[in-house]
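Participant: Position in the sequence shown (first residue = 1) + 4 = my numbering. What follows is a structure written as structure tokens; I'll ask about it next.
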Amino acid sequence: MRKLSRATLVVFTVTLFSTSLKAQPKIENYQGGEVSAQEVLLKFRHPAPVAVSQAQRNLDADKIHVVGGPGGAYVFHSRSKNVAAMLNVLSKRGDLIYAEPNYIVRGAATPNDPSFTQLWGLKNTGQTVSGAAGTP
5 MRKLSRATLV
15 VFTVTLFSTS
25 LKAQPKIENY
35 QGGEVSAQEV
45 LLKFRHPAPV
55 AVSQAQRNLD
65 ADKIHVVGGP
75 GGAYVFHSRS
85 KNVAAMLNVL
95 SKRGDLIYAE
105 PNYIVRGAAT
115 PNDPSFTQLW
125 GLKNTGQTVS
135 GAAGTP
């Protein structure tokens with residue numbers, strides 16, 4: 005019985021860590037900055053379905069998301085190409101307003117809003133309120 009419990013614990017631990025590693029976002033470096041791996045943002049002059057499907061084929065894209073509603077930008081994720089290769093393919097197209105990497109941006113400082121201290125939900129550093137920690 006004890007061997008079965010240890011085996012179950014080992015299987016559970018391996019499964020737990022393998023799924024959390026899978027959930028990590030993939031990151032590439034492009035021209036000195038961090039970008040989402042194998043993703044580019046495209047804005048078409050005229051986003052016709054033919055143009056979008058042609059870009060999908062050229063980029064070997066398996067996922068496409070629209071950002072910003074109708075007429076907005078598209079996020080293309082490629083199965084096989086890195087960001088530099090995708091942008092090289094797209095540089096030959098004349099029907100795009102822009103094609104750029106999906107940059108990763110992180111906030112590095114506290115905002116300079118004079119009312120920031122009054123916005124209680126934006127700075128949660130683990131402090132307690134009325135003796136209770138966390139959110140209710």
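Ideal Cβ positions, reconstructed from N, Cα and C, are used throughout, including at glycine. Bear in mind that the values here come from a model prediction, so they are computed numbers and not experimental data.
1) In the DSSP assignment, the alpha helix (DSSP H) including V56 goes from what residue to what residue?
2) For A137, does the count of other Cβ atoms within 10 angstroms reach 16, so buried, or fall short, so exposed?
3) I believe L100 touches V44 by the beta-carbon criterion, under 8 Å. Please report the beta-carbon distance rounded to the nearest angstrom.
4) Tell me, which residues are paired with I68 by DSSP?
5) According to DSSP, I31 sits in a beta bridge with which residue or residues?
6) On the DSSP letters alone, give me the boundaries of the alpha helix (DSSP H) that N92 sits inside.
7) Taking the Cβ atom as the reference point for each residue, do A65 and F80 lie within a distance shorter than 7 Å?
8) Alpha carbon to alpha carbon, how far is F120 from H50? Give it in angstroms, no decimals.
9) Does DSSP put T121 in a helix, in a strand, or in coil?
10) Can you name the residues that DSSP bridges to V109?
Facilitator: Looking at the atomic coordinates:
1) 53-63
2) exposed
3) Not really, about 10 Å apart at Cβ, beyond 8 Å.
4) F80
5) S40
6) 87-94
7) yes
8) 41 Å
9) helix
10) DSSP output for V109 lists no bridge partner at all.
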